[in-house]
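Residue numbers (the numbering used here), protein chains in the order written: chain Z, -19 to 90; chain C, 6 to 114.
For every residue, glycine included, the Cβ atom is placed at its ideal position computed from N, Cα and C.
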Amino acid sequence: DTAVSQTPKYLVTQMGNDKSIKCEQNLGHDTMYWYKQDSKKFLKIMFSYNNKELIINETVPNRFSPKSPDKAHLNLHINSLELGDSAVYFCASSSRGTQYFGPGTRLTVL
Amino acid sequence: ELKVEQNPLFLSMQEGKNYTIYCNYSTTSDRLYWYRQDPGKSLESLFVLLSNGAVKQEGRLMASLDTKARLSTLHITAAVHDLSATYFCAPLLDEKLTFGTGTRLTIIP
């Protein structure tokens, strides 16, 4: 049983396109996160939602828009993709404790 | 803003040897986590350290926390190949994890 799942696993697209990444957790956690890991493996938080409410919004271009339809899901929509958006995006969830990470989505912008 | 530095960034060590990874952070945090990441994989939680002087051990890995020095260490004892991975420390502050730069550990037979 997958605890935190993401789709798709790989995403290859052209500059200027709009794409979405989906995340679901079956752990019953209240809080979900999106992280970006760049080519140098540096990992940085982008957003955090608690019970569908945005609580952390780091300095991220407004082309990135998270959406949480319910507390088990947190999706990431990216408009007008740029080359610099190429990275691995990880979803995570927690309940006031350890964060559990999804398998990651490798986004490549050509 | 919380800053986190790990050293070394890269570490090659022979099987059977001991070594320590260091994690320094700039401001007081609520707790500190260590994660492991295998190439192309997700992050796996190893330890959470809750208070000053905390020590946790799992197999050949032992993590400790000195909140006064704002320092955490991850000690590897008698390394084996299976421990090859990238290790991240991540202090938690205001419900936000700030990850260190990571230490890429390679165990050489």
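Query: Do three or more CB pairs link the stretch 62 to 69 of chain C to the stretch 41 to 58 of chain Z at distances below 8 Å?; Result: no
Query: Measure from the alpha carbon of T72(C) to the alpha carbon of each residue in N57(C), I81(C) and T82(C), then state which is nearest.; Result: N57(C)
Query: To which residues does DSSP link A90(C) through a beta bridge?; Result: L110(C)
Query: Please report the distance separating the alpha-carbon of C28(C) from that of C71(Z).; Result: 24 Å
Query: Would you give the residue range spanned by the beta strand (DSSP E) that N55(Z) belongs to?; Result: H53 to I58
Query: Looking at C-beta atoms only, is the number of pairs between the stretch 62 to 81 of chain Z and the stretch 3 to 13 of chain Z that lie closer than 8 Å three or more?; Result: yes
Query: In chain order, what residues of the same chain have a beta carbon less than 7 Å from the beta carbon of D65(Z), not counting five sequence neighbours either side?; Result: I58, L87 and V89
Query: Do Y30(C) and P114(C) count as a contact pair if the criterion is CB distance below 8 Å?; Result: no
Query: Taking the Cβ atom as the reference point for each residue, do T111(C) and I26(C) lie within a distance shorter than 8 Å?; Result: no
Query: Taking only three categories from DSSP, how would you classify D71(C)?; Result: strand
Query: Indicate whether S50(C) and V60(C) have their beta-carbon atoms separated by less than 8 Å.; Result: no
Query: For chain C, find out if any of its Cβ atoms is closer than 8 Å to the Cβ of K21(Z); answer yes or no.; Result: yes
Query: Check whether the stretch 33 to 41 of chain C and the stretch 76 to 96 of chain C touch, using three or more Cβ-Cβ pairs below 8 Å as the test.; Result: yes
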